[in-house]
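Remarks on the structure that follows.
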Amino acid sequence: MNFTNQKPHFEHLKRKWKTKAEKAESNLWDKHGRHLKQLALGSLGGLMLLASPSQAVLHPINQQVSRDDALKNYDRSVLLADKLKNIVPGEARSLNPDEENQITKTLSSVFGFRVMAEIDDVRLNRNFGFIGGEQHLYRYPGDNVYAHTDTSSDWAMYGTAGIASGLGAWGYFAPSKESFKDKDKMREKYYLAIQTFLVPGFAENFARLRDFFKYRKMIVVNPHSGQAVVAEIGDVGPSEWTGKHLGGSPEVMEALGLATGPQKGEVLYFFIDDPEDEIQLGPVKTKVEL
Amino acid sequence: MSKVTFYNHLVEMDSIIIELDKTDLSFTEKKHLITLAEKNLHNTILDAILSKLSDSDKRAFITKVTFEENERIWIFLNQKVDKAEEKIKKIIDDLKKELHEDIKEAHIIKKKK
Numbered sequence: 000m001n002f003t004n005q006k007p008h009f010e011h012l013k014r015k016w017k018t019k020a021e022k023a024e025s026n027l028w029d030k031h032g033r034h035l036k037q038l039a040l041g042s043l044g045g046l047m048l049l050a051s052p053s054q055a056v057l058h059p060i061n062q063q064v065s066r067d068d069a070l071k072n073y074d075r076s077v078l079l080a081d082k083l084k085n086i087v088p089g090e091a092r093s094l095n096p097d098e099e100n101q102i103t104k105t106l107s108s109v110f111g112f113r114v115m116a117e118i119d120d121v122r123l124n125r126n127f128g129f130i131g132g133e134q135h136l137y138r139y140p141g142d143n144v145y146a147h148t149d150t151s152s153d154w155a156m157y158g159t160a161g162i163a164s165g166l167g168a169w170g171y172f173a174p175s176k177e178s179f180k181d182k183d184k185m186r187e188k189y190y191l192a193i194q195t196f197l198v199p200g201f202a203e204n205f206a207r208l209r210d211f212f213k214y215r216k217m218i219v220v221n222p223h224s225g226q227a228v229v230a231e232i233g234d235v236g237p238s239e240w241t242g243k244h245l246g247g248s249p250e251v252m253e254a255l256g257l258a259t260g261p262q263k264g265e266v267l268y269f270f271i272d273d274p275e276d277e278i279q280l281g282p283v284k285t286k287v288e289l
Numbered sequence: 000m001s002k003v004t005f006y007n008h009l010v011e012m013d014s015i016i017i018e019l020d021k022t023d024l025s026f027t028e029k030k031h032l033i034t035l036a037e038k039n040l041h042n043t044i045l046d047a048i049l050s051k052l053s054d055s056d057k058r059a060f061i062t063k064v065t066f067e068e069n070e071r072i073w074i075f076l077n078q079k080v081d082k083a084e085e086k087i088k089k090i091i092d093d094l095k096k097e098l099h100e101d102i103k104e105a106h107i108i109k110k111k112k
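Chains as they are written, first to last, in numbering that gives the first Met the number 0: chain A, 0 to 289; chain B, 0 to 112.
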């Protein structure tokens, strides 16, 4: 029996446009797959967003790529998030010594530097809590918020956060505009506000702890996305009543994927042992395959 | 477009839909074809943009697309890609021209039937 196609013109267009769409898609993934994988942050929703602008997706994503296959190709951040899922508590609370040990070990091994909950007998009141977005800080006398961004796209992303009316806990980052260096610029860009006043024995050891915390290098990790940033303590806060446990500069929040919406989210935060000051400030990726 | 994208204002698919209307297709068949065309367009535009960005800019761009930060995307693109809007418009126009050619072929096949 011969079967005759009732609408060969439709079949022709369907076949041709399907081939073109598939070719465009594989071309995109072949050339930029490494970067596109970040869309898989935690779920396949991001992949769908990119796969097609249409809500009537012809090939549901689960037919294009199985979850197992997708996991193999996930961005390393996502793999870190997946790994942390098993050792980080379901809600932001103080970590017990076992959890703390497991997490710092994991972070040290994946980032390639020593991540520690305690240095020189000093530890924070907690290492897992809510971070909130902070404003920019004055860096030198006469500084203004417009000077904090170099391009209009930087301004659109970070400028609108504004600038705090008071100085950071350590005063200006440089005594004058002339003496303001790149290092100072990076310090303000990637600064944290930490509740140092809640550290056990703070009042009794004020001078020692003040010096210890000044520009102390830390790593902050969003356990849900695996995004991480190296930053320094540039301010003290936030107040306990805010319900937040630390604050991050606009750039820190962006690096953690928390710059939009309520600008608040759960993070892990630990000291970095970097006596030679070798570790760069800014977003950081895992160094090893997970 | 079925979904709001950052380049929505540059795309006009009406002429394609009008041509498809002339080919005796059901609503479902037309919807199917338009979906394919949009998918092709979307991936082609993303490829063209990503090809012009540095690695770190690619990441920033993809993040913005993921979270549909359409206004920020344009601020970003205008900063990073010379005549971004013009280039995207050209990609759309070229692709639409191709689609019109394909529809013409379909018309010929239909007449032969």
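A virtual CB, placed ideally from N, CA and C, is assigned to each residue, including glycine. In this text, all values refer to a predicted model and were calculated from it rather than measured experimentally.
- Approximately 11 Å separates the beta-carbon atoms of G246 (chain A) and A160 (chain A); this is outside 8 Å, ruling out the contact.
- Note that the C-beta distance between D234 (chain A) and Y190 (chain A) is below 8 Å.
- Here V114 (chain A) is not near F9 (chain A), since their CB atoms are 8 Å or more apart.
- Close to S50 (chain B), with beta-carbon spacing below 9 Å, are these residues of chain A in chain order: K30, H31.
- Judged by DSSP in its simplified three-state form, H147 (chain A) adopts helix.
- The alpha helix (DSSP H) runs of length 4 or more contained entirely in the region 23–57 of chain B are, from start to end of the chain, 26–49.
- Contact fails between the region 129–141 of chain A and the region 1–17 of chain B, because fewer than three Cβ pairs, one in each stretch, are under 8 Å apart.
- By the Cβ rule, the region 75–85 of chain A counts as touching the region 212–229 of chain A, because three or more pairs are nearer than 8 Å.
- Here L106 (chain A) carries a helix assignment [DSSP, helix/strand/coil].
- No Cβ of chain A is located within less than 8 Å of the beta carbon of A83 (chain B).
- Listed in chain order, the non-local C-beta contacts of D273 (chain A) below 7 Å within the same chain comprise F112, K216, local neighbours out to five positions each way being set aside.
- In the DSSP annotation of this structure, K263 (chain A) is not part of any alpha helix (DSSP H); the continuous beta strand (DSSP E) holding it starts and ends at 263–272.
- Taken atom to atom, the span from the alpha-carbon of K15 (chain A) to that of K89 (chain B) is near 22 Å.
- Among the residues facing chain A, I87 (chain B) is not included, as its CB has no counterpart in that chain under 8 Å away.
- Taking CB atoms only, N39 (chain B) has a neighbour in chain A less than 8 Å away.
- Using a Cβ-Cβ cut-off of 8 Å, M252 (chain A) does not count as an interface residue toward chain B, since no Cβ of chain B sits closer than that to its own.
- The beta carbon of L24 (chain B) falls within 8 Å of a beta carbon belonging to chain A, placing the residue at that interface.
- Taking C-beta atoms as the reference points, T285 (chain A) and V109 (chain A) count as a pair closer than 8 Å.
- Shown in chain order are the members of the region 8–28 of chain A whose Cβ falls below 7 Å from a Cβ of chain B: H8, F9, H11, L12, K13, K15, W16, K17, K19, A20, A23, E24, N26, L27.
- No Cβ of chain A is located within less than 8 Å of the beta carbon of H8 (chain B).
- Taking a contact as a CB-CB distance under 8 Å, the pair K13 (chain A) and H31 (chain B) counts as one, their CB atoms being some 7 Å apart.
- Runs of the alpha helix (DSSP H) lying entirely within the region 115–194 of chain A and spanning at least 4 residues, in chain order: 151–157, 181–188.
- The residue among A:L267, A:V228, A:I278 with its C-alpha nearest the C-alpha of V251 (chain A) is A:V228.
- Look at P249 (chain A) here: in three-state DSSP terms it is helix.
- Judged by DSSP secondary structure, G32 (chain A) falls within the alpha helix (DSSP H) whose first and last residues are 7–35.
- Closest in C-alpha terms to E239 (chain A), from the list A:A254, A:F196, A:D142, A:G264, comes A:F196.
- Sixteen is the threshold: since fewer than 16 other Cβ atoms of the shown chains lie within 10 Å of the Cβ of A202 (chain A), the residue is exposed.
- At a cut-off of 8 Å, the C-beta of I108 (chain B) has a neighbouring C-beta in chain A.
- Proximity to Q279 (chain A) across A:A168, A:P249, A:Y214 peaks at A:Y214, based on C-alpha coordinates.
- Around I86 (chain A), the same chain offers E98, Q101, I102, T105 as residues with beta carbons nearer than 8 Å, after the five sequence neighbours per side are excluded.
- Its chain contains F127, G128, F129, E265 as the residues whose beta carbon lies nearer than 6 Å to that of A91 (chain A), once the 5 sequence neighbours on both sides are disregarded; these appear in chain order.
- For E231 (chain A), the enclosing beta strand (DSSP E) stretches over residues 227–235.
- Among the CB atoms of chain B, none fall inside 8 Å of the CB of H223 (chain A).
- Per the DSSP secondary-structure output, G89 (chain A) pairs with nothing in a beta bridge.
- For a cut-off of 8 Å, the C-beta gap from K180 (chain A) to D46 (chain B) is around 40 Å, too long to register as a contact.
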